[in-house]
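Asker:
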Amino acid sequence: MTNFKSQKKEQIELEQLKTQCEENLKGWQRAKADYENLKKETDKKFAAIADFVKVGLLVDLIPILDNFAKATEHVPEEAIKENWVVGVFQIKKQLEDFLTDNGLEKIKTVGEKFDHNLHEAVAKEKAEGKKDLIIKEVSSGYKLNGQVIIPAKVIVGE
């Protein structure tokens, strides 16, 4: 009889241990799932912060690009082959490539139909056959990854 009681007691203990193991396993699985979800959310937050910093950097570089464009716009023809001028053009191209590689795109203007989502009209001028077409760019506009970050300031024909 003692042997039977002993076996019964061991069987009860075994069942309790199995139940506890199952509970521990379920708890571990929940903790693992929570950890994976936290990791995904943290990765998303870090990506959002990186994008925010990237946008800030690119927006800060745009005036530099615009100044390069202004500086190289009126280079005299006889100076175009001088080493320093060639160097300035190369630096401008390098900056343009960097910005393009990072998702920056210049908004098309002159000759395009005015689009209030892309352009900001600063004036209208009479222009035969160019109603609602952009006839002059006052300042460049830019999109980052397809989203307008700076609208182009333009003069529209009427």
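Numbering (the numbering used here), first residue to last: 1169 to 1326. Glycine included, C-beta positions come from ideal geometry on N, C-alpha and C.
1. Alpha carbon to alpha carbon, how far is R1198 from E1178? Give it in angstroms, no decimals.
2. For the putative contact between A1320 and G1309, defined by C-beta atoms under 8 Å, what is the C-beta separation to the nearest angstrom?
3. To the nearest angstrom, how far is it from the Cα of P1244 to the Cα of A1237?
4. I'd like the list of long-range same chain contacts for V1253, defined as Cβ closer than 7 Å, with 5 residues on each side in sequence excluded.
5. In the segment 1252-1293, which residue ranges form an unbroken beta strand (DSSP E) of at least 3 residues, counting only runs that do not cross its ends?
6. Would you tell me roughly how many angstroms separate the C-alpha atoms of K1207 and E1288, rounded to the nearest one?
7. When the Cα atoms are used, what is the spatial distance from E1293 to V1278?
8. Could you tell me the distance, in whole angstroms, from the CA atom of Q1188 to the CA atom of N1171?
9. Just to confirm the assignment, what range does the beta strand (DSSP E) spanning L1301 have?
10. Alpha carbon to alpha carbon, how far is E1209 from A1216?
11. Taking only the alpha-carbon atoms, compute the straight-line gap between D1269 and G1255 and give it to the nearest angstrom.
12. Beta carbon of E1305, beta carbon of V1316: below 9 Å?
13. Using the Cα positions of H1284 and G1297, report the straight-line distance between them to the nearest angstrom.
Answerer: With the structure as the only source:
1. When rounded, the distance between both Cα atoms is 30 Å.
2. Under the criterion of beta carbons closer than 8 Å, A1320 and G1309 qualify as touching, at roughly 3 Å.
3. Taking the straight line from one Cα to the other gives about 14 Å.
4. Same-chain partners within the cutoff: V1243 and A1247.
5. Annotation: the segment 1252-1293 contains the following complete segments of the beta strand (DSSP E) (minimum length 3 residues), in chain order: 1272-1274 and 1287-1293.
6. When rounded, the distance between both Cα atoms is 42 Å.
7. Rounded to the nearest angstrom, the two C-alpha atoms are 13 Å apart.
8. Q1188 and N1171 have their alpha carbons spaced roughly 25 Å apart.
9. Per DSSP, L1301 belongs to no beta strand (DSSP E) and is neither H nor E.
10. Put simply, the backbone Cα of E1209 is about 11 Å away from that of A1216.
11. If I take the Cα positions, the gap works out to 21 Å.
12. No, Cβ-Cβ distance for E1305 and V1316 is not below 9 Å.
13. Here the alpha carbon of H1284 sits roughly 20 Å from the alpha carbon of G1297.
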